[in-house]
Structures are given as C-alpha cells and as structure tokens.
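Q: Structure provided below as structure tokens; questions to follow.
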Amino acid sequence: MRNNLLSLVLVLFAQLGFSQASLNLTLAGHINPPSDLNDVWGYVDGINNKEYAICGVMAGGEIIVDVTNPSSPQIVQTLPGISSTWRDLKVWGSYAYITNESGNGLRVIDLSNLPNSVLYKDTIIHGMNSAHNLYIDNGFAYVVGPDIANGGMVFLDLSNPWHPAYAGEYNTHYIHDVYVRNDIAYAGELSNGLTLINVANKSNPVILANRQYQGNFTHNTWLNDAGTVCFTTDEVSAGKITAFDISNLNNIDLLDEIQSSLSTN
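Taking the working numbering, I'd label the letters of the sequence shown as residues 132 to 396.
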C-alpha cells in the first residue's frame with residue numbers, strides 16, 4: 132500500500148504544478164481528479180486483495196481510487212460533500228473518518244462493499260460541527276482543532292464504528308495535528324510548540340510535557356518506531372523538520388533539524 136500510495140502523493144504535487152527534478156522517484160501512474168486534492172489515506176481490502184486510496188477533494192467530498200495496479204489507478208467512487216480547503220481523513224477497520232473546517236460534522240464512510248458501493252453519513256457529535264484533523268489509535272479517534280473544546284482535542288469511541296461516541300476532551304490549548312501511541316498524544320500546538328498529553332483517562336487528560344523551540348509553529352508530529360524520538364514540522368516559510376529525544380520528559384532534547392532548500396513551506 133505504501134508504494135502504491137506514493138504514486139498518489141506524486142499526483143498531488145503534480146496538480147500544484149511543481150517542476151522540481153525527481154529525487155530517486157519514478158511516477159508509476161496518475162489520475163485526473165475533479166479538483167485539487169487536500170489529503171490521502173489508504174485502505175486495504177484483504178478479502179478481495181484490493182488496495183484503495185481515499186482522497187479529499189477541495190471542491191467537495193471525496194474520491195476513492197483503486198490503486199491495486201499503481202500504473203493504472205481507477206476512480207471507483209465519487210462522494211459529494213461540502214467544499215473545504217482543509218479535509219483530513221483516517222481509516223479504522225473498514226471505516227473512514229473525515230474532518231473538514233466548513234461544517235456538517237464528521238463524515239463516516241463504510242468501505243466494506245467497495246468497489247461496488249459505499250455507505251456514508253455526516254454526523255454532528257456533541258455539538259462538533261467542524262474540525263481540522265484527526266488521528267486514530269486503539270479504537271479511539273482523536274479529533275483536533277474542533278469548533279468546540281477550545282479548539283483542542285475531542286475523543287471519540289469507535290466501538291460502534293458507524294456511531295462514534297463522545298468520550299471526553301482536552302481544552303487547554305488549540306491543537307493543529309496529533310499523533311497518538313500507547314495513550315500518549317503528541318500534539319502540534321503551533322505557537323505553543325510540542326505538547327505530550329496522557330489521554331488514558333478520556334475524562335481527565337493530563338499534560339506530561341511541553342517543548343518550545345526557536346521559531347516554533349508546530350504543524351504536526353510523528354514518532355519513530357522505537358518511540359524514543361518525536362519528529363515535528365513547522366508551518367512557516369523555510370520551516371524545519373526537527374527531531375526530539377523524548378526518553379526523558381523532564382528534559383526533551385533537540386537532537387537535530389533539517390531545513391529544505393525550497394523557498395516555501
């Protein structure tokens with residue numbers, strides 16, 4: 132799936148008209164989407180041995196692309212939806228969950244009948260009408276940048292995947308993006324930097340640590356496999372990718388950083 136989705140990622144850049152030289156990458160295939168795309172995530176149908184990419188469409192809705200043969204991707208489903216510059220999605224089991232910043236709540240898509248059909252709905256949960264992004268771990272969706280909870284993070288229980296249930300919230304600070312593993316959320320809080328939050332008790336999340344650094348505008352976070360290093364990016368012109376040693380939460384050490392030679396974000 133990772134190799135096949137790479138072709139879709141390259142398409143996203145092609146749509147923006149970039150003309151940079153390829154760096155050890157070869158375009159395997161492409162599609163012609165209905166408008167610019169704003170996110171992509173994968174779904175594997177293990178029963179029928181099919182691989183799909185679910186893509187957010189800025190003009191509205193989503194497209195689902197069969198990427199089983201990366202040299203010949205095929206759009207198999209087109210879903211209508213509200214127009215939004217920001218639309219982010221994740222998959223848990225055979226369901227996709229999608230946020231946007233324009234309204235209509237959280238979108239839930241049942242992918243189990245692909246490629247023939249999908250069921251989908253937009254649902255407003257606990258008054259949450261919009262959100263910026265989400266991450267899913269161990270049966271919970273962590274929805275960030277919502278229009279409730281002070282823009283922080285809303286926890287949704289996915290035990291019933293078609294009917295996500297409100298389980299609690301973190302409302303201390305706005306969160307732009309989040310990565311969660313083993314009940315610890317690694318939150319990108321823009322001007323507030325990187326914040327680590329214990330989310331084991333969904334009704335009482337606890338801040339474990341906060342790390343600010345020069346010029347931070349922490350856009351997103353991700354852990355290495357060992358769980359010892361957290362990587363961040365900053366959503367500013369000529370921003371950096373930064374690596375932090377998180378083995379000691381009382382002293383989060385900046386290990387290294389790299390800055391692109393490109394002139395934009």
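Ideal Cβ placement from N, Cα and C applies to all residues, glycine included.
Since the model is a prediction, treat every value here as computed from it, not as a measurement.
1. Out of curiosity, what's the CA-to-CA distance linking Asp170 and Val188?
2. Just grab the DSSP bridge partners of Trp353 for me.
3. Does Ala262 come out as helix, strand or coil in the three-state DSSP assignment?
4. Based on the DSSP output, what are the partners of Lys371 in its beta bridges?
5. Starting from the Cα of Trp293, find the closest Cα among Tyr174, Leu354, Ile240 and give me that residue.
6. What are the boundary residues of the beta strand (DSSP E) that includes Glu182?
7. Under three-state DSSP, which class holds Asn341?
8. I'd like the list of long-range same chain contacts for Leu287, defined as Cβ closer than 7 Å, with 5 residues on each side in sequence excluded.
9. When you compare only the Cα positions, how much space is there between Tyr228 and Leu154?
10. Does Gly299 come out as helix, strand or coil in the three-state DSSP assignment?
11. Straight-line CA distance for Asn281 to His307?
12. Run the CB neighbour count on Gln208, radius 10 Å, all protein chains shown included, and call it buried at 16 or more, exposed below.
13. With a cut-off of 8 Å on the beta carbons, I'd call Arg238 and Tyr251 a contact; round off their distance for me.
14. Can you tell which of Val196, Ala190, Leu245 has its C-alpha closest to the C-alpha of Ser233?
A: Answer, in terms of the structure:
1. Position 39 of the sequence shown, counted from the start, is the residue given in the question as residue 170. Position 57 of the sequence shown, counted from the start, is the residue given in the question as residue 188. Between Asp170 and Val188, the C-alpha separation is close to 8 Å.
2. In the sequence shown, counting from the first residue as 1, residue 353 sits at position 222. Partner(s): Phe362.
3. Position 131 of the sequence shown, counting from 1, holds the residue named residue 262. In this structure, DSSP gives Ala262 a state outside helix and strand, which the three-state scheme calls coil.
4. Counted from its first residue, the sequence shown places residue 371 at position 240. Bridge partners of Lys371 according to DSSP: Gln390.
5. Here residue 293 corresponds to residue number 162 of the sequence shown, with the count starting at 1. Among Tyr174, Leu354, Ile240, the Cα nearest to that of Trp293 is on Ile240.
6. Residue mapping note: residue 182 aligns to position 51 of the sequence shown, counting from 1. Per DSSP, the unbroken beta strand (DSSP E) holding Glu182 starts and ends at 181-188.
7. Here residue 341 is taken as the residue at index 210 of the sequence shown, counted from 1. Correct three-state label for Asn341: strand.
8. What you label residue 287 is simply residue 156 of the sequence shown in a count that begins at 1. For Leu287, where only same-chain residues beyond five positions count, the Cβ hits under 7 Å are Ile256, Phe271, Ala272, Val274, Pro295, Ala296, Tyr297, Ala298.
9. Position 97 of the sequence shown, counting from 1, holds the residue named residue 228. Position 23 of the sequence shown, counting from 1, holds the residue named residue 154. Our two residues, Tyr228 and Leu154, have alpha carbons roughly 33 Å apart in a direct line.
10. Walking along the sequence shown from the start, residue 299 turns up at place 168. DSSP places Gly299 in strand when its eight states are reduced to three.
11. Here residue 281 corresponds to residue number 150 of the sequence shown, with the count starting at 1. Here residue 307 corresponds to residue number 176 of the sequence shown, with the count starting at 1. C-alpha of Asn281 to C-alpha of His307: approximately 12 Å in a straight line.
12. Counting from 1 along the sequence shown, the entry for residue 208 is found at position 77. A residue is called buried when at least 16 other Cβ atoms come within 10 angstroms of its Cβ; Gln208 meets this threshold and is buried.
13. As a working note, residue 238 is residue 107 in the sequence shown. As a working note, residue 251 is residue 120 in the sequence shown. 6 Å between Cβ atoms; contact.
14. On the sequence shown, position 102 is the one that residue 233 refers to. Residue Ala190 is the option with its Cα nearest to Ser233.
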